[in-house]
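Data first, discussion second: the structure below is written as structure tokens.
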Amino acid sequence: AAEEAERPSAASGAAAACLPPKEALTVMQWVLQQSRDTLPGMLEWWPDPLIDGVCRGKDELSEVQRYVEHGWPLPVGRPQMPPRSAALFLLRWLQLLPEPVLPHTAAELFDGSEGALEGLPRLPPLPRSVLLCTAALFAQLAARHGPRGDITTRLAACLMQQPQPSKAARQLLGALMAELLADPGFPPSAALAALASKDER
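Position 57 of the sequence shown, counting from 1, maps to 38 under this note's numbering, and the rest follow consecutively.
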């Protein structure tokens, strides 16, 4: 449950004090639980406007938003809220944040000479946590149910709040998702704790 994820524990250390907002974290855990309950390769977790239809996507997004705004438990098996609606909600949420999670200046610092996680201490704790959890979620979904060709481009665009994300941003996100697969848990407590410990030095 999201409430449990927000409580500090010996395993997650100081990182548990800084997680994404409860509403976003709840949606992340909702789709991740459906992923774990579904056979590999069988979950439609990523929206495709050309296949699903723009109007249909808007309806699914509105339904998730309605549940989140009322604080209702997110249902499983409701046709109006398929698993891919979680991605629709999260992408839209990232676009509407007051500040981009991944500023252009931070993304441009990544040149591939060091690991993606090595560059993240340059970000403040909250946006860094949102970036880590979002990347970990979609990395796990892609690993279990198959990658989607446009994920790094669309996700980077939303994280940066720019229509055309830079090549460096796409590379950073791709490298980060690959690195986070080493931590099968969610939220990615090992990465969160490691970076939080650097803040304290």
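For glycine and all other residues, C-beta sits at the position ideal for the given N, C-alpha and C.
On a predicted model such as this, the values are computed, not experimentally measured, just so you know.
Tell me which residue opens and which closes the alpha helix (DSSP H) that W53 is part of. Against the sequence shown, residue 53 aligns to sequence position 72. DSSP places W53 outside any alpha helix (DSSP H), giving it a letter other than H or E.
So, for E4: in the same chain, excluding its five sequence neighbours on each side, which residues have a beta-carbon less than 7 Å away from its beta-carbon? By one-based count along the sequence shown, residue 4 stands at place 23. Result list for E4: V49, in chain order.
So, is E41 buried or exposed, given that buried needs 16 or more other C-beta atoms within 10 angstroms? Numbered from its first residue, the sequence shown carries residue 41 at position 60. With at least 16 other beta carbons inside 10 angstroms of its own, E41 counts as buried.
With a threshold of 8 Å on Cβ separation, who are the neighbours of L112 within its own chain once the five nearest residues in sequence on each side are excluded? Residue 112 sits at position 131 when you count from the first residue of the sequence shown. Closer than 8 Å at Cβ, skipping near neighbours: V82, L83, L101, L104, L140, L157.
Does the Cβ of P144 have 16 or more other Cβ atoms within 10 Å, making it buried, or fewer, making it exposed? Here residue 144 is taken as the residue at index 163 of the sequence shown, counted from 1. Label assigned to P144: exposed.
Beta-carbon proximity check, S16 vs L161, cutoff 7 Å: The count along the sequence shown starts at 1 and reaches residue 16 at position 35. The count along the sequence shown starts at 1 and reaches residue 161 at position 180. No, the pair does not count as a contact, with Cβ atoms beyond the cut-off.
Name the two residues that bound the continuous alpha helix (DSSP H) containing S66. Your numbering for residue 66 matches position 85 in the sequence shown. Counted as a single uninterrupted DSSP element, the alpha helix (DSSP H) harbouring S66 occupies residues 65 to 77.
Using the three-state DSSP reduction, which class does P(-11) fall into: helix, strand or coil? Position 8 of the sequence shown, counted from the start, is the residue given in the question as residue -11. Unreliable placement is indicated for P(-11), whose pLDDT of 38 sits below 50; the coordinate value is still reported in the next sentence. Three-state result, P(-11): coil.
Report the rounded CA-to-CA distance for A117 versus T134, giving the unit in angstroms. Here residue 117 refers to the residue found at position 136 when the sequence shown is read from its first residue. Here residue 134 refers to the residue found at position 153 when the sequence shown is read from its first residue. When only Cα atoms are considered, A117 and T134 end up about 16 Å apart.
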